[in-house]
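Below is one structure, written out as structure tokens, with a few remarks after it.
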Amino acid sequence: IANNAIFAALSTSNGCYMVLIDSEGIITDELQFAEGYTINGLDHNDGLIALAAGNDGVLLFQWDNGINIEFIGKYATNYTNKVKVDNNTIYIATEDGLEIIQIER
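For what it's worth, the numbering used here labels the leading residue of the sequence shown as 491, then goes sequentially.
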């Protein structure tokens, strides 16, 4: 949960699902994105969302902390299991080990 948002990584090419909730836990909006990809894990920090998309590498999105999410790029790597975002650094757990990339925003 971040900024009253809950994210769910989905299997079978369903991408990622996000809901926004109010202070009482009531869903105020929802969005499905990255459809066509199976997502193994996700993380976000300071408006950057990274999705571990298995054979498709890492998908990167810019998030305005509301309902707007914009695709900003894809990083090709071996099979991606998990990701961790720390500012502009992305840690990627692949089938071959750990990759660390820096991005500019």
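Think of the CB as a built atom: it goes at the ideal place given N, C-alpha and C, for glycine as much as any other residue.
Does the Cβ-Cβ distance between residue i and residue j come in under 8 Å?
i    : j    : result
T567 : G547 : yes
A524 : L538 : no
S501 : T528 : yes
Considering only C-alpha positions, which residue in the set the options is nearest to residue i?
i    : options                : result
G526 : I511, A499, D512       : A499
I557 : I590, L521, N545       : L521
D586 : N555, Y569, E514       : Y569
D536 : I593, D576, L588       : D576
I605 : D554, L549, A543, T584 : The shown model of the chain, from 491 to 595, leaves out residue 605, and the question about it has no answer.
N545 : I591, I590, R595, S503 : S503
Y507 : I590, I559, L588, A583 : I559
Pull up the CB-CB distance for residue i and residue j, whole angstroms please, since I reckon it's below 8 Å.
i    : j    : result
N571 : G531 : 7 Å
K574 : D533 : 5 Å
I516 : I496 : With a Cβ gap of about 12 Å, I516 and I496 do not count as contacting.
Which residue comes first and which comes last in the beta strand (DSSP E) that contains residue i?
i    : result
D533 : 531-535
E594 : Counting along the chain, E594 falls outside any beta strand (DSSP E), and DSSP gives it neither H nor E.
G563 : 559-565
Y527 : Segment: none, Y527 is in no beta strand (DSSP E) and carries neither H nor E.
L538 : 538-542
K571 : A small correction: the amino acid at residue 571 is Asn; Lys does not occupy that position in the sequence shown. That run of the beta strand (DSSP E) goes 570-576.
Buried or exposed for residue i, going by 16 or more other Cβ atoms inside 10 Å?
i    : result
F561 : exposed
G505 : buried
I582 : buried
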